[in-house]
Amino acid sequence: MEVLRLENISKVYSQKTVSLQALSHVGLSVQKGEFIAVLGRSGAGKTTLLNMIAGIDVPSEGEVFIEGTNIAVLDEKKRTLLRREKIGFIFQAYELLPALTVLENIKLPQLKKEDGYIKELLDILEIGKYGKFYPDQLSGGQKQRAAIARALVNHPAVILADEPTGNLDSKTERIVIDLLKAMAKRYKASVILVTHNEKLVKDADRTIRFEDGEIING
Ligand SMILES: Nc1ncnc2c1ncn2[C@@H]1O[C@H](COP(=O)(O)OP(=O)(O)OP(=O)(O)O)[C@@H](O)[C@H]1O
Ligand SMILES: [Mg+2]
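In this note's numbering, the protein residues as written are 2 to 219.
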């Protein structure tokens with residue numbers, strides 16, 4: 002089953018004096034539960050692509066379908082709701098709010114109260130005892146595991162992970178990627194993992210390589 006489809010996506014950033022084509026005619030179909038690795042040099046357009054999928058920014062051309070819904074036809078409010086319901090985000094710098102505990106951070110985007118589910122997420126991610134800790138009391142790997150729990154809190158169809166292990170050592174990277182894969186499999190979420198680490202390609206069902214805003218392999 003297709004959960005995400007991109008059709009002919011282009012993105013041009015136009016400022017006063019410069020115009021930059023960040024994405025050129027990108028097409029992509031993602032199946033339910035698929036784990037996709039996205040590689041490409043800095044500036045190739047990887048983060049721009051994730052922003053188009055999440056509806057954080059709008060393409061200059063082309064369309065994004067999430068579970069068959071064209072997000073361009075939604076108003077801002079509906080698009081925000083669809084993003085919260087269907088998409089989970091994981092960032093390189095974790096982006097946990099420092100004034101909130103781990104548990105409060107994870108619950109923040111939650112649409113429906115499900116305390117049992119949150120406990121299950123924390124237990125599987127082995128951070129059950131850190132719920133009342135603040136982010137700066139956790140290691141990088143623990144912070145990213147909390148961010149994985151937050152990304153899963155609304156049972157997303159797609160998890161977008163933008164260099165989630167960029168700040169971690171290779172051993173912790175392995176632990177985080179293995180957990181991300183296991184969680185995605187368990188909860189039947191598709192994953193788009195942006196990474197600079199070629200070694201993670203073998204973890205993916207499919208690898209997409211980006212160059213100058215274009216996909217250079219099938
Ligand atoms: N808001 C913006 N305004 C103008 N140009 C932008 C904006 N965001 C990105 N760009 C440009 O679009 C291109 C693609 O940027 P993007 O952040 O998608 O690259 P990336 O592949 O994620 O790189 P990195 O690996 O360094 O994170 C870059 O040339 C960048 O300068
Ligand atoms: Mg980026």
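All residues carry an ideal CB built from backbone N, CA and C; glycine is no exception.
Quick check on the DSSP output: the alpha helix (DSSP H) that includes residue i runs from which residue to which?
i	result
Glu121	Asp116 to Ile125
Ala147	Gly141 to Leu153
Thr208	Counting along the chain, Thr208 falls outside any alpha helix (DSSP H), though it belongs to the beta strand (DSSP E) covering Arg207 to Glu212.
With which residues is residue i paired in a DSSP beta bridge?
i	result
Tyr14	Leu21
Glu105	Looking at the DSSP assignment, Glu105 forms no beta bridge with any residue, so it has no partner.
Arg6	Ser30 and Phe66
Leu40	Arg210
Ala162	Ile91 and Leu194
Ile216	Phe211
So the beta strand (DSSP E) residue i belongs to, where does it begin and stop?
i	result
Ile253	Residue coverage of the chain in this structure runs from 2 to 219, which leaves residue 253 outside it and unanswerable.
Leu194	Ser191 to Val195
Return helix, strand or coil for residue i, following the three-state DSSP convention.
i	result
Asp179	helix
Gly129	helix
Asn71	strand
Asp170	coil
Ala100	coil
Leu50	helix
Gln138	helix
Select from the options the residue whose C-alpha is nearest the C-alpha of residue i.
i	options	result
Ile160	Ser30, Leu82, Gly132 and Ile91	Ile91
Ile216	Glu8, Phe66, Met2 and Glu3	Glu8
Leu126	Asp116, Lys108 and Ile149	Ile149
Ile10	His197, Lys47 and Thr196	Lys47
Gln22	Thr49, Ile37, Thr81 and Ala190	Thr49
Gly69	Ile178, Lys186, Ala158 and Asn218	Ala158
His197	Leu169, Gln16, Asp179 and Asp116	Leu169
Identify, in the order they occur along the chain, each residue of the same chain with its Cβ nearer than 8 Å to the Cβ of residue i, setting aside the five sequence neighbours on each side.
i	result
Ala55	Arg84, Ile88, Phe90 and Leu161
Asp137	Pro99
Lys182	Phe36, Val192 and Asp204
Lys33	Met2, Glu3, Val4, Ala158, Lys189 and Ser191
In chain order, what residues of the same chain have a beta carbon less than 6 Å from the beta carbon of residue i, not counting five sequence neighbours either side?
i	result
Ser30	Glu3 and Arg6
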